[in-house]
Amino acid sequence: MDRRTFIARGGTLGAASAAAATFGTFGPWAAVARAQAPTRGVVVDPTGTTLERTLLPTGDGYRRFTDGPGRPIVVCDELAAPKPGREDRRRALATVVHLTDIHLTDSQSPARVEFTDRLEDSSDVEPGFFSSAWRPQETLGAHLADAMLQALRAVGAGPVTGRAYDCGVTTGDATDNMQFNELDWFLDLMAGGRPFQFNSGDPDRYEGVQDDDELSFDASYYHPGSSRPDHYKDVLGFPDRPEMLDAAITPFTPVGLPMPWYSIYGNHDGLLQGNAFDNPAFAAIATGPIKVVGTPSSLSPSQIQRALIEGDAAALLTAPGAPVRQVTPDPARAATTPRDWVLRHREDRGGAGPIGHGLSADAVETGELHYTFEVAPGVLGVALDTVNRTAWASGSIDRAQFAWLEEQLVAASSRYLDPAGNEVTTSNDDQVIVVFAHHGIDSLDNPFPDLSRPEPEERVQGPEFEALLHRFPNVIACVVGHTHRNRIVPRVSPTADTGGFWDITTAAHIDHPQQARILEIVDNADGTLSIFATIVDHAGPASPPAEVRSVLDLASLARELGVNDDQKRGADEGEPVDNNVELLVTAPFRLAVAPPPAQGPGQGQGGPPAAPPGQGRRPVQPAGQPLPVTGLGTAAAGAALLAGAAALRGHGPGEAPDGPTERV
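Numbered by the working numbering, the letters in the sequence shown go through residues 574 to 1237 in order.
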């Protein structure tokens, strides 16, 4: 199926039956009738996911959301052909929640460089470098995160198999500026159950660039509660929301993630602004009383970019000619180290475990943030640390960790290929392997030696990393974040000796489309495995009410502000093949019978109907939903008349460009 195929939606059960009666029991419209038949559901329960409904931005200027139809499951067969009847043989192996790029931001911190955001259009800086120095919705980041956890709790299990969640994985950039308070906010949100305030400095008022401070007011920012004009309200049509900032710092009790979850390091968790290493001057500024709120007149845009790249970010906040304001100092704004990251994760905050969320006691001393964990019986998770401590948003892997990774892959494989392509057999017990990291293969292009190490050395980048994974047939997926977009790429094996793996990237919480994924790994009992990847929107309503006060109302407003961000206008949602999909892969070994999935009352296992081999990526729809049909020609047109009105629309803004587009 072509990536830009338009998908026709329409019909009810009765209309589909009429279509089958008219056109016979074979062909695509017979598939419609079969999919709508009550004898067996295509999925166990699509409720709460984008299989049930999508949120569609509407309007030519300032856009708002409206409810749209559910998105189909697209069968992706680049790595293995789907075999008929697999939905009747299917056994669930694991269900994983994937969260990434939450970016909890201390929007009042003197360590922020929001003023660089306006430099994005300058001709003498690299495009994209400053495109997320500030976001109009970042003051509501905690509400976005809690609304996502509420949505995932409500779904409760894999929508295709009904298997309860085995674990959750957060793949980095939980924080925005490696501050202690941002890390504590993340851990408290994930634990849930205790009063929480998304605020720093003065406990009773907001002191950032969005307020109406008379001395530091800057019309370049969105000021939701000010009567003064600003660029966002006057040019982009942003709404007046006088209650927003007070509501944003009002305490609430988060719900938490009610399952074991594992935490992975991202560049914003380990670098200032996600790009620069820490230094004492910057730390003093972060915890102090003076916040720079405008561009220093003594520095050009290229000089500002160079300061961040070279790790001299403090120069931005001490340069002559920088407009400043006074804020309440806060020691919790100090920068964290990898050791701090581990210690904070190993504290008991209540909520789900395990202790350390994958990070062992040894990591306190070593600072090594990679580890393995059991996703489910027979399924191994490998968590990598791809942050280059020297500088820059993109990632790479140190040689010692790369050697460790190979050791873990060998230990979970009864056969693999050596570097020369020769098969090696072992007595090791086979496990299905899923690799998790912040940076994906295309984002592992940071060549700098890690200067934080005693003996800096050349680091591993994307091509070498991919080549290693291709040597191990038990690796079925690499699950990542970083680029803030939904994207799925088949990584085809360069030889016929391994089956390849799927490269799965999930969008950010903080930026449009503000989504998470549920991954379900199943054994089709026919020599193939399937990975069902289902997108989940957070629980905020499609449209915020006239006055926003609750967590979900604020999250809804944050979604709306995010899609209208003039530097990120909805380009990251992805195409149908990047959203709800069934990813086929050759089973690397004969799997043992898995424990039955956890099921609710009246639920059974299900799955999309089989697609004939060689059909490419085909959409299928949950039971009870109209089945999308592609390429049906005049027969489809006639059937659509019988079925009523068929809504025809395309998904996604077009082919996403290759390579990372990290928001710094």
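Backbone N, C-alpha and C fix where the C-beta goes; we use that ideal spot for every residue, glycine too. Keep in mind that this is a model prediction, so the values were computed, not measured.
Close-in-space but distant-in-sequence residues of the same chain around residue i (CB under 8 Å, 5 per side omitted)
i, result
"G929", "V915, H918, R919 and A936"
"T945", "L953, G954, V955, A956 and Q981"
"V1109", "G621, T622, T623, M721, A724, L725, V728, Q1088, A1089, R1090 and I1091"
"D757", "A905 and R917"
With 16 other Cβ atoms within 10 Å as the buried cut-off, status of residue i
i, result
"E780", "buried"
"V1007", "buried"
"A973", "exposed"
"R962", "buried"
"D1023", "buried"
"P776", "exposed"
"L788", "exposed"
"P797", "buried"
"P709", "buried"
"D842", "buried"
"E1120", "exposed"
"A1218", "Note on A1218: pLDDT 24, under 50, position unreliable in the model; the coordinate value appears next. Per the 10 Å Cβ criterion, exposed."
"G926", "exposed"
"D807", "exposed"
"V567", "The structure shown does not extend to residue 567, since the chain spans only 574 to 1237, so no value can be given for it."
"E755", "buried"
"P732", "buried"
Cross-strand partners of residue i (DSSP beta bridge)
i, result
"E1093", "T668 and F1105"
"A1050", "V1007 and W1075"
"E561", "Lying outside 574 to 1237, the shown extent of the chain, residue 561 is not represented and no answer is given."
"D640", "L628"
"F753", "Bridge partners of F753: none, in fact."
"S836", "T743"
"L1156", "C649 and I1104"
"A737", "A730"
"F769", "F825"
"I863", "Q899"
"A964", "A849"
"A908", "Q752"
"E1088", "Per the sequence shown, residue 1088 should be read as Gln rather than Glu. Partner(s): D1110."
First and last residue of the uninterrupted alpha helix (DSSP H) at residue i
i, result
"L818", "M817 to A821"
"P1036", "G1035 to H1043"
"W1075", "First-last for W1075: F1074 to T1078, but that is the beta strand (DSSP E), not the alpha helix (DSSP H)."
"Q974", "R972 to A984"
"E573", "Because the chain is modelled from 574 through 1237, residue 573 falls outside the range shown and cannot be assessed."
"R1238", "In the structure displayed, the chain extends from 574 to 1237; residue 1238 sits before or after that span and is not available."
"L916", "P911 to H918"
"E1120", "No alpha helix (DSSP H) contains E1120, which DSSP labels as neither H nor E."
"D618", "Unbroken run through D618: none, as it is neither H nor E."
"T939", "D935 to T939"
Cβ-based neighbour list, residue i, same chain, cut-off 6 Å, excluding 5 preceding and 5 following
i, result
"S1129", "G1113, P1114 and P1117"
"A1010", "L957, T959 and V1053"
"T627", "G641 and R644"
"T678", "E711, G714 and D749"
"V997", "Y989 and D991"
"D903", "S773 and G774"
"T743", "L672 and S836"
"V897", "I863 and V865"
"N840", "G847, V960 and A966"
"F811", "Y795 and Y805"
"T612", "Note that T612 scores a pLDDT of 23, beneath 50, so its modelled location is shaky; the value from the coordinates is reported in the next line. The answer is none, since no qualifying residue turns up."
Coarse secondary structure for residue i, derived from DSSP in three states
i, result
"P630", "strand"
"D1110", "strand"
"K656", "coil"
"Q681", "coil"
"F759", "helix"
"Y805", "helix"
"L990", "strand"
"Q876", "helix"
"S1016", "helix"
"Q723", "helix"
"P1067", "coil"
"D690", "helix"
"T673", "coil"
7 Å CB neighbourhood of residue i in its chain, flanking five on each side removed
i, result
"D1099", "K656, R659 and R662"
"S793", "R691 and H804"
"F688", "V865, V866, G867 and T868"
Extent of the continuous beta strand (DSSP E) run through residue i
i, result
"R1064", "R1060 to R1064"
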